[in-house]
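Numbering-wise (the numbering used here), the sequence shown opens with residue 1 and increments by one. Below is one structure, written out as structure tokens; the observations come after it.
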Amino acid sequence: MRKRRKILTVSTAVVAAATLPLLISPVVSAAAREDDDDSSRIARLYAPPPDRDSYRQVARLAWRGDFRDSAGLLAMVRTPQAVWYGDESPERVERLVRRTTRSADVQGRLPVLALYNIPGRDCGSYSSGGADGLAAYEAWIDAVAEGIGDRKVLIVLEPDSLSLLPSDCADESNADQTAVEQQPAEEQPAEEQLAAEQQTAAEQPPTDLPPLPDPGASTSPPAASAAQDAGQDAAQSPDAQAADAQSPDAQSPDAQSPDPRLPASEDPAPKPAEAQEPSGLEPSASQSPAPEPSAEQPGTLPELPPLPTPDPVTPDAEDVGDLDTPVVEDQETAARYSEINYAVDALTALGNASVYLDAGHAGWHSVSSIVPRLIKAGIDRATGFALNVSHYQTDPDSAWYGRLISSCLAYADEGGDPEDCADQSWSRRHARRWLHAHVPDDPGRMKHFVTDTSRNGQGPWAPRAGAHLDAQSWCNPPARGLGRRPTTRTGDALLDAALWVKTPGESDGRCLRGTDGPLDPVRGTVNPDAGEWFPEQALELVRYAEPSVKVFRRTHGR
1 MRKRRKILTV STAVVAAATL PLLISPVVSA AAREDDDDSS RIARLYAPPP
51 DRDSYRQVAR LAWRGDFRDS AGLLAMVRTP QAVWYGDESP ERVERLVRRT
101 TRSADVQGRL PVLALYNIPG RDCGSYSSGG ADGLAAYEAW IDAVAEGIGD
151 RKVLIVLEPD SLSLLPSDCA DESNADQTAV EQQPAEEQPA EEQLAAEQQT
201 AAEQPPTDLP PLPDPGASTS PPAASAAQDA GQDAAQSPDA QAADAQSPDA
251 QSPDAQSPDP RLPASEDPAP KPAEAQEPSG LEPSASQSPA PEPSAEQPGT
301 LPELPPLPTP DPVTPDAEDV GDLDTPVVED QETAARYSEI NYAVDALTAL
351 GNASVYLDAG HAGWHSVSSI VPRLIKAGID RATGFALNVS HYQTDPDSAW
401 YGRLISSCLA YADEGGDPED CADQSWSRRH ARRWLHAHVP DDPGRMKHFV
451 TDTSRNGQGP WAPRAGAHLD AQSWCNPPAR GLGRRPTTRT GDALLDAALW
501 VKTPGESDGR CLRGTDGPLD PVRGTVNPDA GEWFPEQALE LVRYAEPSVK
551 VFRRTHGR
């Protein structure tokens, strides 16, 4: 009897797993009905074939008799979402893109393509990779364009490519580490080196005092700079040496140049001076102005005004200040803009391709920071911009942020400065007042945007304060849920579509959160590599979905 029951149970599970897609297809349709109903008048979005690992998980859940989670997971993977391309050769990506766009065209649906092959992507982190230089990227984009042809397609171009420029990579990857490393480096010259010089000055006077009569040049280093020769001529007598060394003249800009508290700029100059014994006295003389000698020789004060001829030095300081503000970007960042501009031109030339550039999300860049990047990347020739890709910001925050960016782009297009634009950190009342004064009345004159709602049902994750060195709140956060179902009927004049750009259920990478790993300290497991199926997270997205995934239809009248 037990054998028969076991065989019957296994057979039932196998049959359930095999026929589950057929049995609950009406349920899946009910779960995805929002997309069909809302977008039928505008565009119906394309649902690509699900990942094989997702179907395996659906079968395992059905095998265990967990039909609710199994049905919810199946509904999730069969919901319209973006198809990602990156790292393929030009020949292969052309073939794959052609297959996807043809399939969508046959079904009368609009495919969403996420192109992710920019050189140096993700700052070499979990999703590192991309094309090998500008020429390789241009060839890859040309192949994508060839695969699309004249078919309609919506393109999310290179997520994170503008919100994470090559110039941002050092700050993003080692922000905490570099901050810790830079602080001691900055404090050491001002405090530790000053104390060291004072100690050496206190130790050396007994041995260095005898040679004082010889070095007529001993006073020249304190006066070294533009007036060094004049200081040497006036320092031929010991009295003149003492007067020059102790006068307020030594505290002028000329006297500050050899100050031991400026080690960075004085590395080459002190070396020859340190070889001489009298140099040990110079720091002590420059560090302690010795008010007594200045009081004893007040007659030297009227003679000093001619010395403040360091007017020729001030232009040098201004020139140095100009050099500190780079006018030209680094080579990799300039190449990034060239790559995006090329892709915009090549893809928009197809005629039926809507191209949206990366603009990060509401919790990342300010409006005045991201808008100049969009402008440099060719937003004027693109359809619009994409927000919240692979992130978790709520729909209201993304909509508000998108409106501010679109308004700032219109303001800048009329000659305004993006620095003056309303920002998401402003109060709503203040921002609305700015929008009322500067936003065009016609939304058609403004850039539109799309948002990623694949995982924002519960909003962004907030880790416990101080729990980890690096929270990595973007990396496989726990207890997140599916968001709004994909649709092109949004009710917002500037929002073209709510999309599932990030494939729900795929891992963001092995999140170490500042630890040595290999475990994710938040989850206590080893996360799959970026792009691989993550069964635990997939179930969380279904269980915590907002709105919830409806997998069982209620009988009318109940």
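C-beta: ideal position from N, C-alpha, C; glycine also.
Are residue i and residue j close, meaning C-beta to C-beta below 8 Å?
| i | j | result |
| --- | --- | --- |
| Gly384 | Asp496 | yes |
| Gly509 | Phe534 | no |
| Trp461 | His391 | no |
| Glu88 | Leu115 | no |
| Leu499 | Ala104 | no |
| Glu546 | Gly481 | yes |
| Ala530 | Ser167 | no |
| Ile148 | Val97 | yes |
| Trp400 | Ser163 | no |
| Leu73 | Gln57 | yes |
| Ala43 | Leu134 | no |
| Ala47 | Pro80 | yes |
| Ile370 | Gly360 | yes |
| Ile118 | Leu347 | no |
| Pro440 | Ala410 | yes |
How is residue i classed by DSSP in three states: helix, strand or coil?
| i | result |
| --- | --- |
| Met348 | Checking the sequence shown, residue 348 turns out to be Thr, not Met. Reduced to three states, the DSSP call for Thr348 is helix. |
| Ile118 | coil |
| Leu212 | Residue confidence for Leu212 is low, a pLDDT of 38 falling below 50, so the modelled location carries little weight; the figure read from the coordinates is stated next. Leu212: coil per DSSP, three-state reduction. |
| Leu134 | helix |
| Trp500 | coil |
| Glu332 | helix |
| Leu162 | coil |
| Ile42 | coil |
| Leu539 | helix |
| Val549 | coil |
| Trp474 | coil |
| Trp599 | Nothing can be reported for residue 599: it is not among the residues displayed for the chain, which extend from 1 to 558. |
| Ser338 | helix |
| Gly524 | coil |
| Pro440 | coil |
| Arg60 | helix |
| Arg480 | coil |
| Gly124 | helix |
| Ala343 | helix |
| Arg433 | helix |
| Tyr544 | coil |
| Arg52 | helix |
| Ala47 | coil |
| Ala170 | helix |
| Trp140 | helix |
Would you decide whether residue i is buried or exposed? Buried here means 16 or more other CB atoms lie within 10 Å of its CB.
| i | result |
| --- | --- |
| Asp520 | buried |
| Gly564 | Residue numbering for the chain in the displayed model covers 1 to 558; residue 564 lies beyond these limits and cannot be assessed. |
| Gln393 | buried |
| Pro486 | buried |
| Ser354 | buried |
| Thr525 | exposed |
| Asp69 | buried |
| Ser406 | buried |
| Val389 | buried |
| Gln331 | exposed |
| His448 | buried |
| Gly457 | buried |
| Ala493 | exposed |
| Asp132 | exposed |
| Glu339 | buried |
| Glu540 | buried |
| Glu94 | buried |
| Pro477 | buried |
| Gly444 | exposed |
| Val549 | buried |
| Pro418 | buried |
| Pro518 | exposed |
With DSSP as the reference, identify every bridge partner of residue i, one or two as the case may be.
| i | result |
| --- | --- |
| Thr487 | Ala498 |
| His448 | Gly384 |
| Val153 | Ala353 |
| Glu146 | For Glu146, which the question treats as bridged, DSSP gives no partner whatsoever. |
| Ser506 | At residue 506 the sequence reads Glu, which differs from the Ser that was named. Note: Glu506 sits in a beta bridge opposite Trp533. |
Would you say residue i reaches chain B, if we count a Cβ-Cβ gap shorter than 8 Å as a contact?
| i | result |
| --- | --- |
| Val112 | This model lacks chain B altogether, as it is built from one protein chain only. |
With respect to 7 Å, is the separation between the Cβ of residue i and the closest non-hydrogen atom of the ligand MG below this value?
| i | result |
| --- | --- |
| Ser354 | With respect to the ligand MG, the structure offers nothing, as it holds no ligand at all. |
Return the chain-ordered ranges of every alpha helix (DSSP H) run that is complete within the region 352 to 431 and spans a minimum of 4 residues. 367 to 376, 395 to 413
Uninterrupted alpha helix (DSSP H) stretches inside the region 66 to 120 (no shorter than 4 residues): 67 to 77, 90 to 107
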